[in-house]
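Visitor: Counting in our numbering, the sequence shown runs from 147 upward without gaps. No residue lacks a Cβ here, since even glycine has one placed at the ideal position from N, Cα and C. Please read all numbers here as calculations on a predicted model, not as lab measurements. My questions will all concern the structure given below.
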Amino acid sequence: MNNLIILPIIIPFIIGAVLIIFAKHHRLQRVVSGFTAVGMLILSIYLAIVVYQDGVIVLEAGNWAAPFGIVLVADMFATLMVLLTSLLSAACLFFAFKTITPKREKFFFYPFYFFLLVGVNGAFLTGDIFNLFVFFEVMLLSSYALIVNGGTKYQLRESFKYVIINVFASALFVVAVAWLYSVTGTLNMAHISERVAELEQTGVVNVIAIMFFIVFASKGALFPLYFWLPKSYFGPPAAIAALFGGLLTKVGIYAIIRVFTLIFYHEPTYTHKAVIVTIAGFTMLFGVLGAVSQFDFKRILSYHIISQVGYMVMGLGIFTPLAVAGAIYYIVHHMIVKTALFLFAGAAERVTGTTDLKKMGGLLKTHPVLSWMFFISAISLAGIPPFSGFFSKFPIILAGFQEEQYIISGVALLVGLLTLFSMMKIFSYAFWGKQKHTDEQAKLPIGKLLLPIAPLVALTIILGIAAEPIFQYSLQVAEQIMDPSIYIESVLKE
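Structure representation (structure tokens):
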């Protein structure tokens with residue numbers, strides 16, 4: 147049963163390697179990719195159920211016992227993220243089948259797509275801090291290839307910033323890992339947690355904690371290290387932008403939550419309630435102001451990635467079970483809704499030929515299904531009941547008021563209003579008003595494009611209607627990760 151954990155890593159690796167051989171056979175690549183994506187989704191659901199029922203699963207590579215060997219650890223948080231990864235990657239892949247041109251496919255689109263999943267799933271499942279770095283690099287190298295797929299001048303120019311910021315962040319990551327190893331003498335995260343508890347989290351350990359936060363903040367697009375994201379995510383095709391927007395920044399957020407609940411949790415007054423909460427507030431505010439100032443469909447959505455990750459780290463910063471549960475609920479909500487919104491932008495662009503809101507209009511008349519599906523996702527992102535956005539934001543803000551964090555809670559409420567304003571700007575310009583696309587464009591069928599998005603829209607409705615059981619599950623995840631002894635005992639078998 148323990149070997150089950152490695153399958154979300156090894157399957158996409160093997161498939162990606164095989165697809166390189168068949169790089170010129172696009173139809174075969176699509177068939178293999180489609181079946182693999184569905185199989186990965188089924189596998190991730192099964193893995194999540196097993197961990198929920200039986201507890202944390204640990205795989206010791208080569209039968210080397212922890213902390214000396216490399217371990218993979220599947221707890222409820224990790225398996226939830228793997229499940230979301232499988233869901234979003236499947237939706238984006240089937241959307242790509244209808245939108246990615248053969249010109250882009252020939253640049254090894256499908257192999258790099260699966261290699262990206264190797265890095266993402268590995269980052270979620272690893273129990274070793276250095277291997278977290280390794281899987282981050284696998285993810286980033288694949289993302290570099292995907293973000294420039296097609297090789298337009300705009301993509302190459304803007305992705306250069308993406309590469310540079312991640313190169314510097316990766317260098318800092320290595321320094322932080324080396325420094326942590328010199329202090330604790332181990333790379334196993336469970337063992338590091340024990341050593342940090344023995345050393346007490348003061349002085350140099352706090353400096354190392356902030357270094358890790360900076361590394362993951364740059365990858366999660368937190369203030370002030372978010373400048374690379376809006377333009378970088380604007381250039382790629384919709385399927386790639388949707389996968390990046392829904393998934394990649396959450397790997398950084400996952401790493402922050404994992405490290406600051408398992409390792410650096412002994413001085414929450416400083417690390418959480420001062421540093422993380424402050425960064426969360428600025429991230430939310432500057433991100434939403436950027437979105438409000440834009441008049442482009444995809445650029446608005448890109449800036450909203452920044453503002454919305456602020457809610458996630460806000461929940462971590464408040465650092466109560468209610469707040470952390472809200473953050474986990476919000477991660478689930480945001481990954482689903484943000485992916486759907488980017489795919490809607492791609493579908494709208496397919497009809498109108500542009501994402502410039504001033505050149506769009508009248509989609510509600512010509513494509514009502516697209517319009518109303520977008521509307522549901524948009525108001526869910528803004529936090530309007532009865533959708534998932536409201537029920538995921540509510541516990542975070544409630545916990546903020548309970549902990550007397552009035553400023554950050556007020557900022558969160560203001561950001562929600564500005565989010566609603568910017569999303570309604572998209573709806574009023576692109577979907578409402580006078581038709582600006584031609585009659586020939588109006589007749590363009592997009593039903594097949596909406597099929598992979600429909601389950602995501604259905605999920606945001608279900609996550610709202612079934613808020614009680616979903617929140618209870620999120621609370622169980624939060625309680626598990628906020629009790630490091632569960633993770634430590636599972637890995638070190640104490």
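Give me whichever residues DSSP pairs with residue 203 in a beta bridge.
Guide: The residue labelled residue 203 in the question sits at position 57 within the sequence shown. In the DSSP output, where bridge partners are listed per residue, residue 203 has 220.
Visitor: Closest to residue 274 by C-alpha separation, out of 312, 398, 217, 263, would be which residue?
Guide: To locate residue 274, count along the sequence shown from 1; it is residue 128. Answer by Cα proximity: 217.
Visitor: Quick check on residue 585: does DSSP put it in helix, strand or coil?
Guide: Here residue 585 refers to the residue found at position 439 of the sequence shown. Looking at residue 585 - three-state DSSP - the assignment turns out to be helix.
Visitor: Using the C-alpha atoms, what's the distance from residue 477 back to residue 459?
Guide: Taking the sequence shown and counting its residues from 1, one reaches residue 459 at position 313. Taking the sequence shown and counting its residues from 1, one reaches residue 477 at position 331. Cα-Cα distance, rounded: 10 Å.
Visitor: Taking residue 162 as the reference, give the member of 288, 271, 248, 249 with the closest Cα.
Guide: Residue numbering aside, residue 162 sits at position 16 when the sequence shown is read from its first letter. With distances taken between Cα atoms, residue 162 lies closest to 288.
Visitor: How would you label residue 444, buried or exposed, when you count the other beta carbons within 10 angstroms and need 16 or more for buried?
Guide: Stepping through the sequence shown from its first residue, residue 444 is reached at position 298. The residue in question, residue 444, is buried, as its Cβ has 16 or more Cβ neighbours within 10 Å.
Visitor: Use the C-beta contact count for residue 550: other C-beta atoms within 10 angstroms, 16 or more gives buried, fewer gives exposed.
Guide: Within the sequence shown, residue 550 is the residue found at index 404, counting from 1. The residue is exposed, with fewer than 16 neighbouring Cβ atoms inside 10 Å.
Visitor: Just mark residue 365 as buried or exposed, buried being the case when its beta carbon has 16 or more other beta carbons within 10 Å.
Guide: One-based indexing of the sequence shown puts residue 365 at position 219. Residue 365 should be labelled buried.
Visitor: With a Cβ-Cβ cutoff of 9 Å, do residue 292 and residue 380 count as a contact?
Guide: Translated into positions along the sequence shown, residue 292 becomes position 146. Translated into positions along the sequence shown, residue 380 becomes position 234. Taking 9 Å as the Cβ cut-off, residue 292 and residue 380 do not qualify as a contacting pair.
Visitor: First and last residue of the alpha helix (DSSP H) that includes residue 363?
Guide: Residue mapping note: residue 363 aligns to position 217 of the sequence shown, counting from 1. Its alpha helix (DSSP H) spans residues 350 to 366.
Visitor: Less than 9 Å between the C-beta atoms of residue 186 and residue 236, yes or no?
Guide: Here the question's residue 186 lines up with position 40 in the sequence shown. Here the question's residue 236 lines up with position 90 in the sequence shown. Yes. Within cutoff.
Visitor: Kindly list the residues whose CB is nearer than 6 Å to the CB of residue 418, restricted to its own chain and excluding five residues on each side of it in sequence; keep chain order.
Guide: To locate residue 418, count along the sequence shown from 1; it is residue 272. 463, 465, listed in sequence order.
Visitor: Can you tell which of 456, 377, 290, 580 has its C-alpha closest to the C-alpha of residue 557?
Guide: Start at 1 with the first residue of the sequence shown, and residue 557 comes out as number 411. Comparing Cα positions, the closest option is 456.
Visitor: Here's the rule I'm using: 16 or more other beta-carbon atoms within 10 Å means buried, otherwise exposed. How should residue 514 be labelled?
Guide: Position 368 of the sequence shown, counting from 1, holds the residue named residue 514. So residue 514 counts as exposed.
Visitor: Cβ atoms of residue 330 and residue 413: under 9 Å apart, would you say?
Guide: Here residue 413 refers to the residue found at position 267 of the sequence shown. Here residue 330 refers to the residue found at position 184 of the sequence shown. Not in contact: residue 413 and residue 330 (Cβ atoms no closer than 9 Å).
Visitor: With a 10 Å radius around its C-beta and 16 neighbouring C-beta atoms as the bar for buried, classify residue 306 as buried or exposed.
Guide: By 1-based counting over the sequence shown, the position of residue 306 is 160. Result: exposed.
Visitor: Are the stretch 322 to 339 and the stretch 391 to 400 in contact at 8 Å, needing three or more beta carbon pairs?
Guide: Output reads no: the stretch 391 to 400 does not touch the stretch 322 to 339.
Visitor: Exposed or buried, residue 629, counting other C-beta atoms within 10 Å across all chains shown (16 or more means buried)?
Guide: Indexing the sequence shown from 1 puts residue 629 at position 483. Result: exposed.
Visitor: Is it the case that the stretch 290 to 304 contacts the stretch 313 to 330, given that we only count it when at least three CB pairs across the two stretches are under 8 Å?
Guide: Touching, no.
Visitor: Mind checking which residues open and close the alpha helix (DSSP H) that includes residue 267?
Guide: As a first step, residue 267 is located in the sequence shown; it is residue number 121 there, counting from the start. Its alpha helix (DSSP H) spans residues 255 to 271.
Visitor: What are the partner residues of residue 629, as DSSP defines its beta bridges?
Guide: Walking along the sequence shown from the start, residue 629 turns up at place 483. None; residue 629 has no bridge partner.
Visitor: With the cut-off set at 9 Å, would you say residue 223 and residue 598 are in Cβ contact?
Guide: Position 77 of the sequence shown, counted from the first residue, corresponds to residue 223. Position 452 of the sequence shown, counted from the first residue, corresponds to residue 598. Going by C-beta atoms, residue 223 is not nearer than 9 Å to residue 598.
Visitor: In angstroms with no decimal places, state the Cα-to-Cα distance between residue 498 and residue 245.
Guide: For this step, residue 498 is matched to residue 352 along the sequence shown. For this step, residue 245 is matched to residue 99 along the sequence shown. The alpha-carbon atoms of residue 498 and residue 245 are separated by roughly 14 Å.
Visitor: Near residue 321, which residues of its chain fall below 6 Å by C-beta distance, leaving aside the five closest residues on each side in sequence?
Guide: Within the sequence shown, the letter at position 175 stands for residue 321. Taken in chain order, the list of residues that qualify is empty.
Visitor: Whether or not the stretch 558 to 567 and the stretch 525 to 541 are in contact is what I'm after, with contact meaning three or more pairs of Cβ atoms, one per stretch, closer than 8 Å; do they touch?
Guide: Touching, per the Cβ criterion.
Visitor: Hey, residue 534 and residue 606 are a contact pair by Cβ (cut 8 Å); roughly how many whole angstroms apart?
Guide: As a first step, residue 534 is located in the sequence shown; it is residue number 388 there, counting from the start. As a first step, residue 606 is located in the sequence shown; it is residue number 460 there, counting from the start. With a Cβ gap of about 5 Å, residue 534 and residue 606 count as contacting.
Visitor: Using a Cβ-Cβ distance cut-off of 9 Å, determine whether residue 594 contacts chain C.
Guide: No chain C is part of this structure, which consists of one protein chain only.
Visitor: What did DSSP end up calling residue 334 once you bin it into helix, strand or coil?
Guide: Here residue 334 refers to the residue found at position 188 when the sequence shown is read from its first residue. Three-state result, residue 334: strand.
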